[in-house]
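Numbering (my numbering), first residue to last: 1 to 273. Every residue gets a Cβ at the ideal spot worked out from N, C-alpha and C, and that includes glycine. First up is the structure itself, then whatever we jot down about it.
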Amino acid sequence: MSQRIEVAVIPAAGRGTRMRPATRVVPKALLTVVDRPAIQYAVEEAARAGATEAVLVVDLDVGHLIQQHFLVENRLPGIEHVRIRPVVQEEALGLGHAVYEAREVVRDRPFFCLLADNIVRPGKDVLPALVDSSDEGKTSVMCLRRLSDEYLSKYGVVIPAGGEHDEPLELAGAVEKPGVERAPSRLGLIGRYLFTPEVFDILDGVKPGHGGEIQLTDAIDELGKRGRLRGSIADSDLLDVGNPLGLLEASVELGLAKFGYAFESQLRDRLGS
Ligand code: G1P
């Protein structure tokens, strides 16, 4: 039986510049998709994969609103058994720094990391496959998608150690947003990770990289150099709710999943089909 991962780290301190003016006051992670905030989907996904603790890394200004959402109504269906543990990121120094802030709660346990901007499509969970590739929690495993050219400058891209079809897929490193010219492959990091606690030691020494930020991808690169990094290619992409068009697309897809024909018939009427 594969190891159960108890804890999930969900960085949620981003202020959402691509979602202004909606995010002038409300944190990006609390923007509604159908009937619940984006971050609740991530907590529910982690719970389905067996996590019983969710470390939410929030910012100093509005992070308390995220905390309140879960703690006011702490019997939210599907996540009744998840202990919510907010951690404050005092300075916006980058995604790698946000994950590092969770170290004292996670301690020496392997953990999931989920970026709340990305929501899995209904019925397409990816975390169980990461656990299956993790060698009983001894190796970090990255969820990957094959990217088209335009996305090679928007995502972290991994360096395969051997063939791209190897099983398990061993990785030698990763580069943050390399663009077409510098991309070592087309396999992109899509916001779902399983890390060994070793990543905290590495993050401790990571210097600001791409965009002047402490990049999680630079720590992933070091895991690859140490030979303890694998990939798991997802058979479906994730819904990106960090921009207005993506949020609309996600609302339609998740709305169809929730309301079925009642919503589909309205869409068809509007589209005249
Ligand atoms: C972050 C990561 C990047 C990853 C992406 C997935 O970038 O830095 O490596 O591919 O999330 O969504 P961001 O979207 O925060 O710019």
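Bridge partner(s) assigned by DSSP for residue i
i, result
"ILE79", "Answer is none; ILE79 lacks a bridge partner."
"MET19", "Beta-bridge pairing links MET19 to no other residue."
"ASN118", "ASP240"
"ALA54", "ALA8 and ILE84"
"PHE111", "VAL7 and PHE195"
"VAL141", "LEU194 and ARG230"
"ARG146", "LEU187"
"PRO37", "THR32"
"ASP59", "GLN89"
"GLY156", "GLU176"
"GLU170", "ARG230"
Through-space distance from residue j to residue i, alpha-carbon basis
i, j, result
"PRO77", "VAL9", "20 Å"
"HIS165", "LEU203", "29 Å"
"VAL120", "ALA38", "11 Å"
"LEU65", "LYS28", "11 Å"
"GLU136", "GLN3", "5 Å"
"LEU277", "GLU91", "Missing from the structure shown is residue 277; the chain here goes from 1 to 273 and no further."
"LEU174", "GLY272", "It should be noted that the sequence gives Ala, not Leu, for residue 174. When rounded, the distance between both Cα atoms is 46 Å."
"ALA234", "TYR193", "12 Å"
"PHE195", "ASP269", "46 Å"
"GLY188", "ARG182", "13 Å"
"ALA276", "VAL206", "No answer is possible for residue 276: it lies beyond the span of the chain, which begins at 1 and ends at 273."
"VAL158", "CYS143", "10 Å"
"PRO168", "HIS97", "29 Å"
"SER251", "THR32", "9 Å"
"ARG226", "GLN266", "53 Å"
"ALA47", "ASP221", "28 Å"
"PHE70", "GLU253", "24 Å"
"THR139", "VAL82", "25 Å"
"PRO128", "GLY191", "15 Å"
"ALA102", "ARG18", "25 Å"
"PRO197", "LEU114", "15 Å"
Cβ shell of residue i (< 7 Å), same chain only, five flanking positions each side left out
i, result
"HIS210", "GLU176 and LYS177"
"ALA161", "GLU170, LEU171 and ALA172"
"VAL180", "ASP149 and LEU152"
"GLY255", "VAL34 and PHE263"
"GLY14", "LYS28"
"VAL7", "ALA51, GLU53, VAL55, VAL106, ARG109 and PHE111"
"GLU44", "GLY78 and ILE79"
Beta-carbon proximity list for residue i, same chain, < 8 Å, skipping 5 on both sides
i, result
"LEU60", "VAL88, GLN89 and GLU90"
"GLU213", "LEU93, GLY94, LEU95, GLY96 and HIS97"
"LYS274", "Shown here, the chain extends from 1 to 273; a query on residue 274 therefore has no answer."
"ARG228", "LYS138, THR139, SER140, THR196 and GLU198"
Same chain, Cβ closer than 6 Å to residue i, neighbours up to 5 away in sequence not counted
i, result
"VAL141", "LEU130, SER133, SER134, LEU194, ARG230 and SER232"
"ALA116", "ILE10, ALA12, ALA29, ALA38, ILE39 and ALA42"
"ARG186", "ARG146 and LEU147"
"LEU216", "LEU95, GLY96 and VAL99"
Residue i beta carbon near the ligand GTP (any heavy atom closer than 6 Å)
i, result
"VAL105", "Of the ligands one can find in the structure shown, namely the ligand G1P, none is the ligand GTP."
- At least 3 beta-carbon pairs within less than 8 Å: the segment 231-240 vs the segment 117-132: Taking a cut-off of 8 Å on C-beta distances, the segment 231-240 touches the segment 117-132, as three or more cross pairs fall below it.
- Message: Check whether the segment 76-90 and the segment 187-203 are in contact - that is, three or more C-beta pairs closer than 8 Å.
- Response: Contact between the segment 76-90 and the segment 187-203 is absent, because fewer than three Cβ pairs lie under 8 Å.
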